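Here is the structure we will look at.
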Amino acid sequence: MPDVAQTFIPVGPAVTPVVWTVVRVEALLSAPFGDLIYQAQQIHRQHFAPNEVQLSTLLSIKTGGCPEDCGYCPQAARYHTGVANEALMSVDAVVEAARAAKHSGASRFCMGAAWRGPKQRDLDKVAKMVREVKALGLETCATLGMLKAGQAEQLKDAGLDYYNHNLDTDPALYGEIITTREQGDRLDTLQKVRTAGIHVCCGGIVGMGETRANRAALVVELANLDPYPESVPINNLVQVKGTPLHGTPELDPFEFVRTIAAARITMPRAMVRLSAGRESMSEETQALCFLAGANSIFYGEKLLTTPNPVADRDRILFDRLGIKPMELRKQGVGTG
Ligand code: SAM
Ligand code: DTB
Ligand code: SF4
Numbered sequence: 008m009p010d011v012a013q014t015f016i017p018v019g020p021a022v023t024p025v026v027w028t029v030v031r032v033e034a035l036l037s038a039p040f041g042d043l044i045y046q047a048q049q050i051h052r053q054h055f056a057p058n059e060v061q062l063s064t065l066l067s068i069k070t071g072g073c074p075e076d077c078g079y080c081p082q083a084a085r086y087h088t089g090v091a092n093e094a095l096m097s098v099d100a101v102v103e104a105a106r107a108a109k110h111s112g113a114s115r116f117c118m119g120a121a122w123r124g125p126k127q128r129d130l131d132k133v134a135k136m137v138r139e140v141k142a143l144g145l146e147t148c149a150t151l152g153m154l155k156a157g158q159a160e161q162l163k164d165a166g167l168d169y170y171n172h173n174l175d176t177d178p179a180l181y182g183e184i185i186t187t188r189e190q191g192d193r194l195d196t197l198q199k200v201r202t203a204g205i206h207v208c209c210g211g212i213v214g215m216g217e218t219r220a221n222r223a224a225l226v227v228e229l230a231n232l233d234p235y236p237e238s239v240p241i242n243n244l245v246q247v248k249g250t251p252l253h254g255t256p257e258l259d260p261f262e263f264v265r266t267i268a269a270a271r272i273t274m275p276r277a278m279v280r281l282s283a284g285r286e287s288m289s290e291e292t293q294a295l296c297f298l299a300g301a302n303s304i305f306y307g308e309k310l311l312t313t314p315n316p317v318a319d320r321d322r323i324l325f326d327r328l329g330i331k332p333m334e335l336r337k338q339g340v341g342t343g
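Residue numbers (our numbering): 8 to 343.
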């Protein structure tokens with residue numbers, strides 16, 4: 008296994024670039040579990056306080072009826088999943104939910120919409136939401152699909168800190184999971200987000216029937232973005248009846264933990280988020296994810312449309328593990 012810890016020379020805000028290869032990351036993923044976790048934990052401690060985890064709360068501001076065909080997603084109109092198609096929420100209702108999230112302890116509020124991309128009229132309303140949520144003293148994040156020219160700048164002006172746009176899977180598998188867009192479209196939007204000066208939140212989903220080599224390829228693609236994303240959500244597929252991926256054999260939890268470790272090692276300064284899939288994950292697996300370098304979670308009883316552990320359950324888990332919620336000032340994005 009390459010001694011990755013030695014290849015990173017932290018030099019202030021930038022890090023000496025390293026080009027990752029699938030062979031190299033597959034070697035990481037295939038290392039003895041203890042060696043991999045030890046290395047990830049060492050790198051984690053070089054860059055972060057070891058027992059702090061950041062809390063993001065999600066809200067689906069526009070649910071269901073999406074024209075895309077993502078094989079994992081309960082919100083695609085073409086699948087019969089029982090998710091009702093709802094209009095874009097009012098600004099007041101979103102701000103109320105953000106206030107409740109802050110009260111419950113979240114530091115970042117992420118607004119998600121089931122769109123291929125936002126229409127201009129809708130984006131104007133989302134910009135108002137961002138402005139008001141930011142004014143509450145929360146970090147803001149939005150995930151609205153593909154952006155057109157000027158839209159990222161509009162969101163930045165409104166105070167958007169992060170834009171979530173996932174690469175989702177190995178580029179070689181992309182066309183088997185989504186046919187209504189190409190991964191290159193995602194890269195275009197990510198570039199627009201970067202150019203507008205918004206932090207990038209970009210990760211993917213595992214547990215979709217992929218191989219270890221596919222997971223390595225996803226991690227490589229994320230880590231070789233220049234610069235790599237500030238936030239990296241690693242989702243375990245939430246299987247929803249009616250979606251094409253329902254019934255996929257479950258991923259070995261240790262493979263999930265390995266993927267987190269590989270993300271931490273290859274993107275040492277990123278916030279690595281243990282994202283979807285916690286509802287059906289044991290506390291022990293979650294603890295291993297934190298040990299492997301995960302330092303962020305989605306917090307609150309719902310993701311977008313599917314369940315997530317209730318806040319009390321997470322508070323108890325944090326107490327048992329001696330983990331504290333990360334304070335906003337340590338997360339690299341000011342609220343001013
Ligand atoms: N429509 C926008 C888009 O696709 O970028 C924003 C919302 S979309 C629901 C955000 C992300 O949620 C997707 O990129 C995918 O990674 C994740 N996601 C969707 N369904 C999921 C599932 N069943 N399990 C895990 N992650 C899922
Ligand atoms: C991300 O990577 N995971 C979140 C967030 N970004 C938007 C979404 C998970 C969605 C899980 C399925 C659902 O609840 O609809
Ligand atoms: Fe639509 Fe996003 Fe779901 Fe794909 S993941 S179907 S784009 S809401």
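Beta carbons are placed, not taken as given, at the ideal position from N, Cα and C, and that holds for glycine.
Note that the structure is predicted; figures quoted are calculated from it, not measured.
Note on geometry: alpha-carbon atoms of residue 109 and residue 306 lie some 11 Å from one another.
Judged by the Cβ position, residue 245 qualifies as a neighbour of ligand 2 at the 6 Å threshold, a heavy atom of the ligand being closer than this. Look at the beta carbons and you see the region 148-168 touching the region 125-132: at least three pairs across the two are nearer than 8 Å. CA-to-CA, the gap between residue 165 and residue 117 works out to about 14 Å. For residue 217, there is no enclosing alpha helix (DSSP H), as DSSP marks it with neither H nor E. Assignment of residue 221 by DSSP, reduced to helix, strand and coil, places it in the helix class. Taking the Cα of residue 172 as reference, the smallest distance to any Cα among 260, 67, 137 and 208 is reached at 208. In this structure, the C-beta of residue 209 stays at least 6 Å away from each heavy atom of ligand 3. Of all residues, those with a beta-carbon under 5 Å from at least one heavy atom of ligand 3 are 73, 75, 77, 80, 82, 83 and 121, reported in chain order.
Contact annotation, residue 277 with residue 236: C-beta distance approximately 6 Å; criterion of less than 8 Å satisfied.
Contact between residue 303 and residue 264 does not hold, since the beta-carbon distance rounds to 15 Å and is not under 8 Å. For residue 240, no alpha helix (DSSP H) segment is defined; the enclosing uninterrupted segment is the beta strand (DSSP E) at 238-243.
Partner residues in the beta bridge of residue 170, as assigned by DSSP, are 149 and 207. In the three-state reduction of the DSSP assignment, residue 176 falls in the coil class. A distance below 6 Å between beta-carbons, with the five flanking residues on each side excluded, links residue 246 to the following residues of its chain, in chain order: 253. Set against 6 Å, the gap from the CB of residue 175 to the closest heavy atom of ligand 1 is smaller. For ligand 2, no non-hydrogen atom lies closer than 6 Å to the CB of residue 154.
CA-CA distance, residue 160 to residue 327, rounds to 43 Å.
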